[in-house]
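To start, the structure under review is shown below, and the notes come after it.
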Amino acid sequence: MESLIKFVEDEFVPKKDFPKFSAGDTITVYYEIKEGEKTRTQFFKGVVIQRRGSGATETFTIRKMSGTVGVERIFPINMPALQRIEVNKKGKVRRSRIFYFRGLTGKKARIKEVRG
Numbered sequence: 004m005e006s007l008i009k010f011v012e013d014e015f016v017p018k019k020d021f022p023k024f025s026a027g028d029t030i031t032v033y034y035e036i037k038e039g040e041k042t043r044t045q046f047f048k049g050v051v052i053q054r055r056g057s058g059a060t061e062t063f064t065i066r067k068m069s070g071t072v073g074v075e076r077i078f079p080i081n082m083p084a085l086q087r088i089e090v091n092k093k094g095k096v097r098r099s100r101i102f103y104f105r106g107l108t109g110k111k112a113r114i115k116e117v118r119g
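Using our numbering, the letters of the sequence shown map in sequence onto residues 4 to 119.
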């Protein structure tokens with residue numbers, strides 16, 4: 004049954020080419036918003052907390068600070084409104100899901116950058 008689901012996902016779900024990113028990376032996601040008849044592009048820039056799932060059901064969570072309030076947003080990787088993803092910084096973290104990042108403030112909330 005699983006192989007049948009995977010076959011259907013591979014054949015019929017359109018694939019988009021996004022750069023490789025993982026937890027700890029700072030990325031900017033550009034997505035389309037429809038307001039009535041008009042459409043506009045909005046971006047969300049933050050740190051990737053996790054990537055979850057595989058294939059057509061894969062999602063990723065981004066966290067940013069808006070003033071003193073933390074804002075998280077979950078994006079499906081194959082959402083039709085996603086236009087592009089830019090990787091701003093590659094971060095060095097030891098875990099694939101960095102939920103501890105939610106509790107950090109100030110200088111402790113920094114993630115080391117991988118150069119090169």
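Heads up, the beta-carbon is just placed ideally off N, CA and C, and yes, glycines get one too.
According to the DSSP assignment, Lys9 belongs to the alpha helix (DSSP H) that extends over 5-15. For Leu107, no beta strand (DSSP E) encloses it, and the DSSP letter there is neither H nor E. Contact between the region 4-11 and the region 73-81 is absent: fewer than three C-beta pairs spanning the two stretches fall below 8 Å.
As the crow flies, the alpha-carbon of Phe21 is around 30 Å from that of Lys110.
By alpha-carbon distance to Ala112, the top candidate from Met68, Val90, Arg100 is Met68.
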